[in-house]
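Listed in order, the protein sequences are those of chains C and S.
Per our numbering, the first sequence starts with residue 54, numbered consecutively.
Per our numbering, the second sequence starts with residue 133, numbered consecutively.
Glycine included, C-beta positions come from ideal geometry on N, C-alpha and C.
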Amino acid sequence: MFRLKEKIIRTAFLINGVLVIMILAGIFLLLVLNAMPTFKEVPWKEFLTGKNWNPSSDYNPGYGIVSMIVSTFMVTLGSLVLAVPIGIGTAAYLSDVASPKVREIAKPVVEILAGIPSVVIGFLGIVMVGPFIAKMTGTYSGLNALNGSVLLAVMALPTIVSLCEDALANVPKSFQEASLALGASHWQTLVKVKLQAASSGIIAACMLGMGRAIGETMTVLMATGNAPAFPSGFLNSVRPMTSTIAIELGEVPYFTTHYHALFAVGLVLFLITFVINMIADIVLHRYESKLR
Amino acid sequence: MSQNFIAIDGFNFYYGQSKCLKNITLGIAPKEVTSIIGPSGCGKSTLLRCFNRMNDLIPNTRIEGTIHIDGQNIYTPDVDVVDLRRKVGMVFQRPNPFPKSIFENVAYGLRINGVKNKEFIAEKIEQGLINAGLWNEVKDRLHENALRLSGGQQQRLCVARALAIEPEVVLMDEPASALDPIATAKLEELIVELKKKYTIVIVTHNMQQAARISDITVFLMQGELIERGKTSEIFTRPTKKITEEYITGRFG
Chain C
54 MFRLKEKIIR TAFLINGVLV IMILAGIFLL LVLNAMPTFK EVPWKEFLTG
104 KNWNPSSDYN PGYGIVSMIV STFMVTLGSL VLAVPIGIGT AAYLSDVASP
154 KVREIAKPVV EILAGIPSVV IGFLGIVMVG PFIAKMTGTY SGLNALNGSV
204 LLAVMALPTI VSLCEDALAN VPKSFQEASL ALGASHWQTL VKVKLQAASS
254 GIIAACMLGM GRAIGETMTV LMATGNAPAF PSGFLNSVRP MTSTIAIELG
304 EVPYFTTHYH ALFAVGLVLF LITFVINMIA DIVLHRYESK LR
Chain S
133 MSQNFIAIDG FNFYYGQSKC LKNITLGIAP KEVTSIIGPS GCGKSTLLRC
183 FNRMNDLIPN TRIEGTIHID GQNIYTPDVD VVDLRRKVGM VFQRPNPFPK
233 SIFENVAYGL RINGVKNKEF IAEKIEQGLI NAGLWNEVKD RLHENALRLS
283 GGQQQRLCVA RALAIEPEVV LMDEPASALD PIATAKLEEL IVELKKKYTI
333 VIVTHNMQQA ARISDITVFL MQGELIERGK TSEIFTRPTK KITEEYITGR
383 FG
């Protein structure tokens with residue numbers, strides 16, 4: 054009787070696990086199968102290196118996604134440039150400077166920031182950040198890559214702050230004591246011992262923040278101006294990969310090259326985020342085994 | 133008795149409301165090993181950590197009385213804690229090398245003091261490791277991560293790290309409690325060797341250890357100093373009955 058129960062429970066969990074893996078594998082397969090027909094029409098090389106994205110043109114359709122990839126990386130890296138220093142600084146403040154009371158209140162508040170719907174952030178981009186940028190730089194609308202970077206930085210910050218703070222808090226107290234006992238100041242201890250001991254955790258936190266930023270759709274769709282051209286600077290309107298898929302997939306005729314090409318864009322995006330997450334995971338594991 | 137290097141006078145220490153060091157008055161002579169013994173929770177580590185003000189890190193603590201080290205009251209507001217800790221080194225209960233290379237561990241104290249000269253640093257590191265009796269074991273792998281060393285080696289590395297900045301006092305808080313007997317024996321040898329150059333205060337719950345390595349033994353109980361005397365006398369002819377009961381293992 055007991056054995057049977059054990060077996061049933063075991064099987065139930067097995068089915069659960071297999072189901073989840075199958076769903077994920079199914080999504081991946083769907084992506085690949087739908088993307089593949091693109092390359093019957095458009096050569097790999099042209100797809101990945103072409104600058105012209107104009108799939109609906111009858112005379113000279115272009116399927117190059119370089120502008121989108123560059124836009125995506127511009128917006129993402131821009132957001133990291135803003136979010137990483139602020140995030141690490143905030144985490145260091147929370148773990149080393151703030152009183153326990155402040156920390157107990159501030160950390161959950163920062164984490165709640167992660168729960169703000171992206172459409173609300175996008176809205177702020179249109180009504181606040183955009184006009185501000187337009188005013189400061191004298192551009193027309195302020196809906197550009199810089200705007201997207203600022204908003205994505207706001208969205209990536211909770212992840213970065215929270216995980217960096219965890220990494221700093223997990224640095225054994227004995228390291229801090231050893232450093233202080235050698236006559237190091239709090240500042241020296243933070244920079245030379247704690248940040249270093251926590252470095253893998255901090256890097257992983259930034260990678261995860263980047264993963265969050267790179268796949269974000271609604272915010273960039275609303276705030277970056279949607280210009281499917283090759284960007285020449287942060288004050289240009291851009292259209293990252295996610296926005297392109299979101300905008301065009303609703304209107305494209307099914308099973309056309311354009312339709313398949315959008316899946317191919319999704320596949321490229323998936324591969325990029327997959328690699329980023331994998332690197333983050335490896336770095337994080339290295340960090341955990343180092344402290345043991 | 134020679135002139136005291138550390139002089140504690142009417143010293144009280146409070147964690148919040150509880151008073152855990154009560155009116156301690158004690159002198160510690162230079163270039164001797166003084167061991168502080170007593171049952172768990174008697175305040176011996178707390179007392180030790182007052183000598184380099186490590187207790188400052190704990191919120192809600194308060195002191196009364198004075199501690200002079202080398203003639204200077206270390207609890208006046210104008211004392212630079214950083215300078216104090218450079219003068220009064222510490223080795224902790226558990227080996228706590230940084231997750232850096234062996235070389236960088238010993239170099240750390242010098243680097244934070246702004247020493248940049250590479251030859252000077254290398255020389256100091258060699259000297260520190262020789263003094264800590266670790267040089268022969270690690271000289272060929274100075275750039276390996278210190279966490280790969282054995283526990284006993286790690287603890288001697290921590291001694292080397294403390295010695296590299298040339299302190300005058302070395303505090304040791306149960307430095308052998310995480311070590312096996314062979315590593316302990318090596319560390320004890322080292323301590324006896326070190327007293328030629330340094331004033332050493334060691335907290336230990338191992339009475340044989342106190343008897344083996346120290347010149348002076350101080351017995352604390354429930355935050356009070358019960359007895360202080362030459363180690364040979366404390367362990368053979370203690371003046372207080374309670375000291376005798378403790379060292380003969382009737383409690384504690």
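| Measuring CB to CB, does C/ALA144 end up less than 7 Å from C/VAL214? | By 1-based counting over the first sequence, the position of residue 144 of chain C is 91. By 1-based counting over the first sequence, the position of residue 214 of chain C is 161. Judged by their CB atoms, C/ALA144 and C/VAL214 are nearer to each other than the 7 Å cut-off.
| request: Note down the Cα distance separating C/ALA237 from S/ILE379, rounded to an integer number of angstroms. | output: As a working note, residue 237 of chain C is residue 184 in the first sequence. As a working note, residue 379 of chain S is residue 247 in the second sequence. Computed Cα separation, rounded: 38 Å.
| query | Around the C-beta of S/GLU359, are 16 or more other C-beta atoms found within 10 angstroms, so that it is buried, or is it exposed? | reply | Taking the first residue of the second sequence as 1, we reach residue 359 of chain S at position 227. Counting the other Cβ atoms within 10 Å of the Cβ of S/GLU359 gives 16 or more, which makes it buried.
| said: I'd like to know if the segment 108-125 of chain C and the segment 88-99 of chain C are in contact, where contact means that at least 3 CB-CB pairs between them fall below 8 Å. | reply: The segment 108-125 of chain C vs the segment 88-99 of chain C: in contact.
| query | Exposed or buried, C/LYS160, counting other C-beta atoms within 10 Å across all chains shown (16 or more means buried)? | reply | Stepping through the first sequence from its first residue, residue 160 of chain C is reached at position 107. When all chains shown are included, C/LYS160 counts as buried.
| task | Tell me, please, which residues DSSP counts as bridged to S/TYR146. | result | One-based indexing of the second sequence puts residue 146 of chain S at position 14. For S/TYR146, DSSP records a beta bridge to S/LYS151, S/ARG194.
| query | Are the C-beta atoms of C/LEU235 and some chain S residue less than 7 Å apart? | reply | Taking the first sequence and counting its residues from 1, the one referred to as residue 235 of chain C is at position 182. The beta carbon of C/LEU235 sits closer than 7 Å to some beta carbon of chain S.
| C/LYS245 touches chain S at which residues, Cβ-Cβ below 8 Å? | By one-based count along the first sequence, residue 245 of chain C stands at place 192. Within chain S, the residues placing a beta-carbon under 8 Å from that of C/LYS245 are TYR240, ARG243, ILE244, ordered along the chain.
| message | If I follow the unbroken beta strand (DSSP E) through S/LYS362, where does it start and stop? | response | Locating residue 362 of chain S in the second sequence gives position 230, where the first residue counts as 1. Note, S/LYS362: beta strand (DSSP E), 356-362.
| said: So that I know if they touch, is there some Cβ in chain C lying closer than 7 Å to that of S/PRO370? | reply: Position 238 of the second sequence holds residue 370 of chain S. No, no contact with chain C.
| message | Taking only three categories from DSSP, how would you classify S/THR375? | response | Within the second sequence, numbered from 1, the residue matching residue 375 of chain S stands at position 243. Look at S/THR375 here: in three-state DSSP terms it is helix.
| field | Rounded distance between the beta-carbons of S/LEU216 and S/ALA296, thought under 8 Å | value | Start at 1 with the first residue of the second sequence, and residue 296 of chain S comes out as number 164. Start at 1 with the first residue of the second sequence, and residue 216 of chain S comes out as number 84. The Cβ separation is near 17 Å, so there is no contact.
| query | With C/PHE287 and C/SER202 assumed to form a contact (beta carbons below 8 Å), what rounded beta-carbon distance in angstroms separates them? | reply | Here residue 287 of chain C is taken as the residue at index 234 of the first sequence, counted from 1. Here residue 202 of chain C is taken as the residue at index 149 of the first sequence, counted from 1. The beta carbons of C/PHE287 and C/SER202 sit about 7 Å from each other, so the pair counts as a contact at 8 Å.
| said: In the DSSP assignment, the beta strand (DSSP E) including S/THR380 goes from what residue to what residue? | reply: Within the second sequence, numbered from 1, the residue matching residue 380 of chain S stands at position 248. Segment: none, S/THR380 is in no beta strand (DSSP E) and carries neither H nor E.
| query | Considering only C-alpha positions, which residue in the set S/GLY361, S/LYS329, S/SER233 is nearest to S/ALA342? | reply | The residue labelled residue 342 of chain S in the question sits at position 210 within the second sequence. Of the listed residues, the one whose Cα sits closest to S/ALA342 is S/GLY361.
| query | What did DSSP end up calling S/HIS337 once you bin it into helix, strand or coil? | reply | For the purposes of this step, residue 337 of chain S is identified with residue 205 of the second sequence, where counting begins at 1. In the structure shown, S/HIS337 sits in coil (DSSP, three-state: anything other than H, G, I, E or B).
| query | So what does DSSP say about S/GLN225, is it helix, strand or coil? | reply | Walking along the second sequence from the start, residue 225 of chain S turns up at place 93. S/GLN225 falls in the coil class under three-state DSSP.
| Whole-number beta carbon distance between S/GLU356 and S/LYS154, since they are thought to touch under 8 Å | As a working note, residue 154 of chain S is residue 22 in the second sequence. As a working note, residue 356 of chain S is residue 224 in the second sequence. So it is a contact: roughly 5 Å between Cβ atoms.
| task | Under 7 Å Cβ to Cβ from C/HIS313, same chain only, skipping five residues before and after it: list those, please. | result | Numbered from 1 along the first sequence, position 260 holds the residue referred to as residue 313 of chain C. For C/HIS313, where only same-chain residues beyond five positions count, the Cβ hits under 7 Å are ASN87, ALA88, PRO90, THR91.
| Given a threshold of 16 other Cβ atoms within 10 Å of its Cβ, counted over all protein chains shown, does S/THR331 qualify as buried or as exposed? | Here residue 331 of chain S refers to the residue found at position 199 when the second sequence is read from its first residue. So S/THR331 counts as buried.
| field | Proximity to C/PHE323 [Cα-Cα], best of C/LEU130, C/GLU269, C/LYS188, C/GLU304 | value | Walking along the first sequence from the start, residue 323 of chain C turns up at place 270. Comparing Cα positions, the closest option is C/GLU269.
| field | Where C/PHE316 falls, given that 16 or more other Cβ within 10 Å makes a residue buried | value | Walking along the first sequence from the start, residue 316 of chain C turns up at place 263. Burial state of C/PHE316 is buried, judged by a 10 Å Cβ sphere holding 16 or more other Cβ atoms.
| request: Can you give me the start and stop residues for the alpha helix (DSSP H) that S/PHE351 sits inside? | output: As a first step, residue 351 of chain S is located in the second sequence; it is residue number 219 there, counting from the start. Here S/PHE351 belongs to no alpha helix (DSSP H); instead the beta strand (DSSP E) covers 348-353.
| request: Mind checking the segment 244-275 of chain C against chain S and listing, in chain order, the residues whose C-beta falls within less than 9 Å of any C-beta there? | output: Result list: LYS245, VAL246, GLN249, ALA250.
| task | Sort C/THR192, C/GLY175, C/LEU235 by Cα distance to C/VAL207 and report the nearest one. | result | Translated into the one-based positions of the first sequence, residue 207 of chain C becomes position 154. Ranking the options by Cα distance to C/VAL207, first place goes to C/GLY175.
| query | Three-state secondary structure (DSSP) at S/GLY265? | reply | For the purposes of this step, residue 265 of chain S is taken as residue 133 along the second sequence, with counting starting at 1. In this structure, S/GLY265 counts as coil in the three-state DSSP scheme.
| said: Just list the residues that DSSP pairs S/ILE168 with in beta bridges. | reply: For the purposes of this step, residue 168 of chain S is identified with residue 36 of the second sequence, where counting begins at 1. Answer is S/VAL335, S/VAL350.
| Contact check, S/LEU189 vs S/ASP305 under 8 Å by CB: the rounded distance? | In the second sequence, residue 189 of chain S corresponds to position 57, counting from 1. In the second sequence, residue 305 of chain S corresponds to position 173, counting from 1. Incorrect: roughly 14 Å between the Cβ atoms, too far for contact.
| task | Check whether the Cβ of C/ALA231 lies closer than 7 Å to any Cβ atom in chain S. | result | Walking along the first sequence from the start, residue 231 of chain C turns up at place 178. C/ALA231 belongs to the set of residues whose beta carbon lies under 7 Å from a beta carbon in chain S.
| Going by beta carbon distance, what residues of the same chain come within less than 6 Å of C/GLY278, once the five residues before and after it are set aside? | As a position in the first sequence, residue 278 of chain C is number 225, starting the count at 1. Result list for C/GLY278: LEU196, ASN197, SER290, in chain order.
| request: Within 10 angstroms of the Cβ of C/SER253, are there 16 or more other Cβ atoms? Answer buried if so, exposed if not. | output: By 1-based counting over the first sequence, the position of residue 253 of chain C is 200. Classification of C/SER253: buried, given that the 10 Å Cβ count is 16 or more.
| By DSSP, does S/MET133 sit in helix, in strand, or in coil? | Taking the second sequence and counting its residues from 1, one reaches residue 133 of chain S at position 1. Caution applies to S/MET133, whose pLDDT of 42 falls short of 50 and renders its modelled position unreliable; the model cannot decide the point.
| task | Write down the C-beta distance between C/MET121 and C/THR297 rounded to the nearest angstrom, noting that I regard them as a contact closer than 8 Å. | result | To locate residue 121 of chain C, count along the first sequence from 1; it is residue 68. To locate residue 297 of chain C, count along the first sequence from 1; it is residue 244. C/MET121 to C/THR297, Cβ: 6 Å. Contact.
| task | Determine the direct distance from the alpha carbon of S/ILE234 to that of S/GLY283, and round the result to whole angstroms. | result | As a first step, residue 283 of chain S is located in the second sequence; it is residue number 151 there, counting from the start. As a first step, residue 234 of chain S is located in the second sequence; it is residue number 102 there, counting from the start. Cα atoms of S/GLY283 and S/ILE234: separation of roughly 13 Å, rounded to the nearest angstrom.
| query | Expressed to the nearest angstrom, what Euclidean distance is found between the alpha-carbon atoms of C/GLY183 and S/ALA239? | reply | What you label residue 183 of chain C is simply residue 130 of the first sequence in a count that begins at 1. What you label residue 239 of chain S is simply residue 107 of the second sequence in a count that begins at 1. Between the alpha carbons of C/GLY183 and S/ALA239 lies a gap of roughly 51 Å.
| message | Pairs of beta-carbons, one from the segment 271-287 of chain S and one from the segment 242-251 of chain S, closer than 8 Å: are there three or more? | response | At 8 Å Cβ cutoff, the stretches do not touch.
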